[in-house]
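Asks:
In the working numbering, the protein residues as written are 671 to 980.
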């Protein structure tokens, strides 16, 4: 029986690739002066810089036990970019470390971004809602860009849906919860701060995220001027109804907060039947037309919400 040279070469190439990967991912000591932060680190989107107290705690742990987990980095010319381990680097530098154990990874920008976000989501305790929101959005966009290059058989909708579900599975949350967090990134910064401070619930914040920038800005200004006021689910719903029927004004916002909750009633939108009568059979009753219009509006807003999530 003859030797299949093509198979021999294939196996040899696979062995070389495996060995190269093993060597590439082996830990090595890298001077701390050659380690640069990832450009997204400490920018607030997705993650804020760790508190000094956290750095001090890790520094004390390193002093007692050494560095138990190597940093993840990628080579950038003659230097290295940290993908995971920024706080460990800061803590080690504080107590005088000159070199740090690192695993060098061969990844592109999107993969690097994905690793950076995933590691921080997994390792950082007490993440704020805004940090999770921007992390999920950043991760979703990075994974979508990767999918656009490698998974051309999936439809755009399927790719987005599957990606969100994958993120949720990694983080122990539902796909819908992932999308709700992502909606927070469309909030005015002052409103997002209220979410982080626990003064604005996630469900209400998501509802407010569908208001336009001007309406959100006016609402944020009102809440800043009236710190004892809070947005109820009823107010958030009415604001969205107002936004759908026209422009929300500062007067609208003030009235919603000044009226007693139990006396508030949504503004009634009166429709002229003549322009829309042509879309219905002559025999259609007012109740039937109302039911059809309601169903059409519900379908429209579901599609708008899905488009906003994606």
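The beta carbon of each residue, even a glycine, is placed where N, CA and C say it ideally should be. Just so it is clear, the structure is predicted and the values come from calculations on it, not from any experiment.
Count the other C-beta atoms from every protein chain shown that fall within 10 angstroms of the C-beta of residue 801, then say buried if there are 16 or more, exposed otherwise.
Replies: As a first step, residue 801 is located in the chain shown; it is residue number 131 there, counting from the start. Counting Cβ neighbours within 10 Å, residue 801 comes out buried, since at least 16 surround it.
Asks: Thinking C-alpha only, which one of 759, 869 and 951 is nearest residue 902?
Replies: On the chain shown, position 232 is the one that residue 902 refers to. Minimum Cα distance to residue 902 is reached at 869.
Asks: Tell me the DSSP bridge mates of residue 751?
Replies: In the chain shown, the residue the question calls residue 751 occupies position 81. For residue 751, which the question treats as bridged, DSSP gives the partners 706 and 744.
Asks: What did DSSP end up calling residue 773 once you bin it into helix, strand or coil?
Replies: As a working mapping, residue 773 is identified with position 103 in the chain shown. Note: residue 773 maps to strand in three-state DSSP.
Asks: Are the beta-carbon atoms belonging to residue 757 and residue 709 less than 9 Å from one another?
Replies: On the chain shown, position 87 is the one that residue 757 refers to. On the chain shown, position 39 is the one that residue 709 refers to. Their beta carbons are not under 9 Å apart, which means residue 757 does not touch residue 709 by this criterion.
Asks: May I have the straight-line CA-CA distance separating residue 813 from residue 806, to the nearest angstrom?
Replies: For the purposes of this step, residue 813 is identified with residue 143 of the chain shown, where counting begins at 1. For the purposes of this step, residue 806 is identified with residue 136 of the chain shown, where counting begins at 1. If I take the Cα positions, the gap works out to 10 Å.
Asks: Is the CB-CB distance between residue 881 and residue 848 below 9 Å?
Replies: On the chain shown, residue 881 is found 211 positions in, with the first residue counted as 1. On the chain shown, residue 848 is found 178 positions in, with the first residue counted as 1. Cβ atoms of residue 881 and residue 848: not closer than 9 Å.
Asks: Answer yes or no: do residue 788 and residue 759 have a C-beta to C-beta separation smaller than 9 Å?
Replies: Here residue 788 is taken as the residue at index 118 of the chain shown, counted from 1. Here residue 759 is taken as the residue at index 89 of the chain shown, counted from 1. No; because the gap between Cβ atoms is not below 9 Å, this pair is not in contact.
Asks: If I follow the unbroken alpha helix (DSSP H) through residue 701, where does it start and stop?
Replies: Here the question's residue 701 lines up with position 31 in the chain shown. Run containing residue 701: none in the alpha helix (DSSP H); it sits in the beta strand (DSSP E), 697-701.
Asks: Check whether the region 728-737 and the region 773-783 are in contact - that is, three or more C-beta pairs closer than 8 Å.
Replies: no
Asks: Between the alpha carbons of residue 696 and residue 840, how many angstroms are there, rounded?
Replies: For the purposes of this step, residue 696 is taken as residue 26 along the chain shown, with counting starting at 1. For the purposes of this step, residue 840 is taken as residue 170 along the chain shown, with counting starting at 1. Rounded to the nearest angstrom, the two C-alpha atoms are 25 Å apart.
Asks: Contact defined as beta carbons within less than 8 Å: I believe residue 738 pairs with residue 770. What is the distance between those atoms, to the nearest angstrom?
Replies: Sequence index remark: in the chain shown, residue 738 carries index 68 (1-based). Sequence index remark: in the chain shown, residue 770 carries index 100 (1-based). Going by Cβ atoms, the distance from residue 738 to residue 770 rounds to 12 Å, so no, they are not a contact pair.
Asks: Go through the region 866-901 residue by residue and report every complete run of the alpha helix (DSSP H) that reaches 4 residues or more, in order.
Replies: The region 866-901 contains, as complete alpha helix (DSSP H) runs of 4+ residues, the segments 872-878 and 883-895 (chain order).
Asks: Taking just the CA atoms, how far does residue 743 sit from residue 794?
Replies: Taking the chain shown and counting its residues from 1, one reaches residue 794 at position 124. Taking the chain shown and counting its residues from 1, one reaches residue 743 at position 73. Cα-Cα distance, rounded: 18 Å.
Asks: Look at the alpha carbon of residue 773 and the alpha carbon of residue 908, and state the distance between them as a whole number of angstroms.
Replies: In the chain shown, counting from the first residue as 1, residue 773 sits at position 103. In the chain shown, counting from the first residue as 1, residue 908 sits at position 238. C-alpha separation (whole angstroms): 53 Å.
Asks: If you run the structure through DSSP and keep just helix, strand and coil, what is residue 955?
Replies: If you number the chain shown from 1, residue 955 lands on position 285. In the structure shown, residue 955 sits in coil (DSSP, three-state: anything other than H, G, I, E or B).
Asks: Do residue 706 and residue 752 have their beta-carbon atoms positioned less than 9 Å apart in this structure?
Replies: What you label residue 752 is simply residue 82 of the chain shown in a count that begins at 1. What you label residue 706 is simply residue 36 of the chain shown in a count that begins at 1. Taking 9 Å as the Cβ cut-off, residue 752 and residue 706 qualify as a contacting pair.
Asks: Is residue 733 helix, strand or coil when you go by DSSP?
Replies: Position 63 of the chain shown, counting from 1, holds the residue named residue 733. Residue state, collapsed to three classes: helix.
Asks: Compare the Cα-Cα distances from residue 863 to each of 724, 723, 926 and 798 and report the closest residue.
Replies: On the chain shown, position 193 is the one that residue 863 refers to. Minimum Cα distance to residue 863 is reached at 798.
Asks: Below 6 Å CB to CB, which residues in the same chain sit around residue 747 once its five sequence neighbours on both sides are set aside?
Replies: Walking along the chain shown from the start, residue 747 turns up at place 77. Taken in chain order, the list of residues that qualify is empty.
Asks: Quick check on residue 799: does DSSP put it in helix, strand or coil?
Replies: For the purposes of this step, residue 799 is taken as the residue at position 129 of the chain shown. DSSP places residue 799 in the helix class (H, G or I) of the three-state scheme.
Asks: What number of angstroms, rounded off, separates the C-alpha of residue 811 from the C-alpha of residue 857?
Replies: Numbered from its first residue, the chain shown carries residue 811 at position 141. Numbered from its first residue, the chain shown carries residue 857 at position 187. About 18 Å.
Asks: Taking the beta carbon of residue 735 as the centre, do at least 16 other beta carbons fall within 10 Å, making it buried, or is it exposed?
Replies: To locate residue 735, count along the chain shown from 1; it is residue 65. So residue 735 counts as exposed.
Asks: Quick check on the DSSP output: the alpha helix (DSSP H) that includes residue 718 runs from which residue to which?
Replies: Residue numbering aside, residue 718 sits at position 48 when the chain shown is read from its first letter. Run containing residue 718: none; DSSP gives neither H nor E here.
Asks: For the candidate residues 893, 959, 957 and 775, whose alpha-carbon lies nearest to that of residue 928?
Replies: On the chain shown, position 258 is the one that residue 928 refers to. With distances taken between Cα atoms, residue 928 lies closest to 893.
Asks: Taking the alpha-carbon of residue 916 as reference, which of 884, 955, 960 and 950 has the nearest alpha-carbon?
Replies: Position 246 of the chain shown holds residue 916. It is 884 whose Cα lies nearest to the Cα of residue 916.
Asks: Just verifying my parser: in three-state terms, what is the DSSP assignment at residue 766?
Replies: Along the chain shown, one-based indexing puts residue 766 at 96. If DSSP states are grouped into helix, strand and coil, residue 766 belongs with coil.
Asks: Can you tell me where the alpha helix (DSSP H) with residue 848 in it begins and where it stops?
Replies: Residue 848 sits at position 178 when you count from the first residue of the chain shown. Residues 845-853.
Asks: Please classify residue 701 as buried or exposed, where buried requires at least 16 neighbouring CB atoms within 10 angstroms.
Replies: Position 31 of the chain shown holds residue 701. So residue 701 ends up on the exposed side.
Asks: For residue 921, does the count of other Cβ atoms within 10 angstroms reach 16, so buried, or fall short, so exposed?
Replies: As a first step, residue 921 must be located in the chain shown, where it is residue number 251. Classification of residue 921: exposed, given that the 10 Å Cβ count is below 16.
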